[in-house]
Amino acid sequence: MPELPEVEVVRRGLERGVVGRTIAAVTVYHPRAVRRHPAGAADFAAVLTGQTILAARRRGKYLWLDLAPAEQPLALIGHLGMSGQLLVVPPSSPDQTHLRIRFRFSDGGRELRFVDQRTFGGMSVAPAGPQVPVPLAHIARDPLDPRFDDDAFVAALRARRTGIKRALLDQRLVSGIGNIYADEALWAAGLHYDRPADSLRPADARRLLAEVRTVLTAALAAGGTSFDRLYVSTEGVSGLFERELAVYGLAGQPCRRCGTPIRRDPFMNRSSFTCPRCQRPPRRPRAGVG
DNA sequence: TAAAATACCTGCAGGC
DNA sequence: TGCCTGCAGGTATTTT
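Just so you know, we're using the numbering used here here: the first sequence kicks off at 102 and counts up by one.
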């Protein structure tokens with residue numbers, strides 16, 4: 102599933118593949134792919150046609166392409182959702198089954214394709230803001246951002262009246278973390294997902310943040326985590342981090358630290374994976390206990 | 001106002 | 001073989 106490392110791999114691919122090129126034509130094959138573009142698919146295509154891409158940028162799990170401004174600066178925003186892919190491929194390559202948007206370029210070279218099986222992802226065009234496009238103003242910086250404020254994060258996390266995993270998944274508090282890396286970081290830090298955030302000591306919060314950074318960095322180095330080929334780079338290559346996962350998806354298998362079988366609990370309509378020995382449940386759980 | 005719950009969506013695995 | 005159910009989960013919206 103695309104979380105920060107996977108999205109960053111895609112961003113780098115876009116930087117190599119489409120920056121500096123001019124969009125010649127846009128075709129939207131599924132309206133849901135542009136549902137966050139209020140003016141609709143026709144407007145989406147019309148606004149983008151003729152635009153030159155200046156840069157490929159990211160905040161958390163969102164990507165955007167800065168466009169050369171005619172009057173006001175614009176950004177082409179993308180989110181991969183659960184199953185989205187942004188592929189840079191030769192025009193002659195066969196259409197993917199779930200091709201949602203196609204971008205052709207004026208140089209006649211490789212085209213950009215947004216492919217998304219479950220259509221949780223999507224693209225839109227919005228005004229570029231001073232730091233991030235206007236619709237992304239609520240997304241916090243991610244832990245790999247040089248301007249991420251550790252002290253502010255620790256304070257904000259400890260002010261939350263909820264479980265720590267819920268807090269980690271809240272993109273307004275810290276971005277880029279999804280279900281996989283939340284579970285991995287919590288295991289590494291020896292913390293249970295339902296531990297109340299306001300019960301964390303500052304040192305606990307800092308240790309958790311350090312583990313988040315460690316797991317995100319390692320996953321990025323491995324090219325991300327891939328399951329059933331739903332996540333791939335712009336060249337269609339799968340990531341290798343899955344083989345390094347410690348708990349996610351490993352229910353029943355021994356914890357690599359203590360040998361206790363990993364357990365899976367329902368959590369927020371999905372799953373949490375923990376080692377019941379390394380990650381003791383809290384005495385006063387917040388919510389979402391399964 | 002914050003936190004929790006729900007809707008959205010498709011493909012696959014497993015049971016029968 | 002074919003139908004049904006559960007599951008995967010990030011974000012926006014709705015409810016509590």
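Note that the Cβ used here is the ideal one computed from N, Cα and C, for glycine as well. Small disclaimer: the values here were computed from a predicted structure and weren't measured.
### Query
Counting along the chain, where does the beta strand (DSSP E) carrying Ile-124 start and finish?
124 to 129
### Message
Please state the DSSP three-state secondary structure of Leu-331.
### Response
coil
### Task
Taking all protein chains shown into account, decide if Val-235 is buried (16 or more other Cβ within 10 angstroms of its Cβ) or exposed.
exposed
### Query
According to the Cβ coordinates, are Val-255 and Pro-303 closer than 8 Å?
yes
### Query
With DSSP run on the structure shown, which of helix, strand or coil describes Val-216?
strand
### Task
Please name the residue, chosen from Gly-141, Gly-114, Ala-229 and Leu-245, that lies closest to Val-127 on a Cα-to-Cα basis.
Gly-141
### Identity of the residue in Leu-181, Arg-378, Gln-173 and Asp-252 nearest Arg-357 by Cα
Arg-378
#### Entry: Limits of the unbroken alpha helix (DSSP H) element including Asp-284
280 to 290
### Residues sharing a beta bridge with Met-224, DSSP
Gly-179
### Task
Determine, using beta carbons only, whether Asp-167 and Ala-229 come nearer to each other than 8 Å.
yes
### Message
Please give me, in chain order, every unbroken run of the alpha helix (DSSP H) with length at least 4 that falls completely inside the region 247 to 271.
### Response
251 to 260 and 265 to 270
### Query
Are the Cβ atoms of Val-110 and Leu-164 separated by less than 8 Å?
no
### Three CB pairs or more closer than 8 Å across the region 213 to 228 and the region 240 to 260
no
### Query
Do Ser-225 and Arg-117 have their CB atoms nearer than 8 Å?
no
### Query
Quick one: Cα of Val-390 to Cα of Ile-202, how far?
Summary for Val-390: the model assigns pLDDT 37, below 50, so the residue's position carries little reliability, and this model does not support an answer.
### Query
For Arg-381, which residues of its own chain have a beta-carbon under 7 Å away from its beta-carbon, when the five flanking residues on both sides are left out?
His-293
### Query
Which value, in whole angstroms, describes the spacing of the CA atoms of Ala-388 and Asn-370?
Note on Ala-388: pLDDT 45, under 50, position unreliable in the model; no value is reported.
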